[in-house]
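Visitor: One structure coming up, written as structure tokens, with questions to follow.
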Amino acid sequence: MDRLIGFDPQLLHDAVLTGINIFILFFACSYLLFNPVRDVLEKRRKKIADELEQAAADKDSAAVLKAEYEAKIREVNKEAESILETARKKAKAREAEMLDEAKAEAARIIERANREVELEKKKALGEMKQEIVDIASLMAAKAVGNSIDVKIQDALIDETLKEMGESTWQN
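Residue numbers for the sequence shown follow this note's numbering, beginning at 207 and rising by one.
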């Protein structure tokens, strides 16, 4: 035995049989193990791809919904702003209306007060005229005595008042 590996017919025969057994074992394992595993992996790959497509579709759908909701929020904000603006305008209009009513009421009160003052002034002037007439009558009655009758006395008083004039009574 001088060689390290001896290639004798038995070794070659065993090597060929081992090779055939390996191929048979490979095809048997391939059929029984590798193909089912490949099928499972393929199904899993398809499932993952479908889930990724579904996730992308959901993401697009969510983006569309988000855009819609943001548009609705902007619309609601604009509507709220317009409602507030309308309320502000109505409040300012009501404020102006109330001020006008208050000014008109104040003017009416002042006018009524002026009329009342005028009436009181006329009444006071009338009373003062009457008192002066009474005093003048009394004085004339004392001065003239019983010789002048009432008609002459009234005529003298009216004549005196006319001579004095109306402007004297108003001052």
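No residue lacks a Cβ here, since even glycine has one placed at the ideal position from N, Cα and C.
(1) Do you know offhand how far residue 258's Cα is from residue 245's?
(2) Which of the three DSSP states, helix, strand or coil, is assigned to residue 256?
(3) So, under 8 Å CB-CB, residue 343 and residue 316 are touching, yes? Tell me the CB distance rounded to an integer number of Å.
(4) With DSSP as the reference, label residue 233 as helix, strand or coil.
(5) Taking the straight line between their C-alpha atoms, what separation do you get for residue 188 and residue 293?
(6) Where does residue 266 sit, in a helix, a strand or coil, going by DSSP?
(7) Is residue 355 helix, strand or coil when you go by DSSP?
(8) What three-state label does DSSP hand residue 213 in the structure shown?
Guide: Quick answer:
(1) 20 Å
(2) helix
(3) That belief does not hold up - the Cβ atoms of residue 343 and residue 316 are roughly 40 Å apart, past 8 Å.
(4) helix
(5) With the chain running from 207 to 377 in the structure shown, residue 188 is simply not present.
(6) helix
(7) coil
(8) coil
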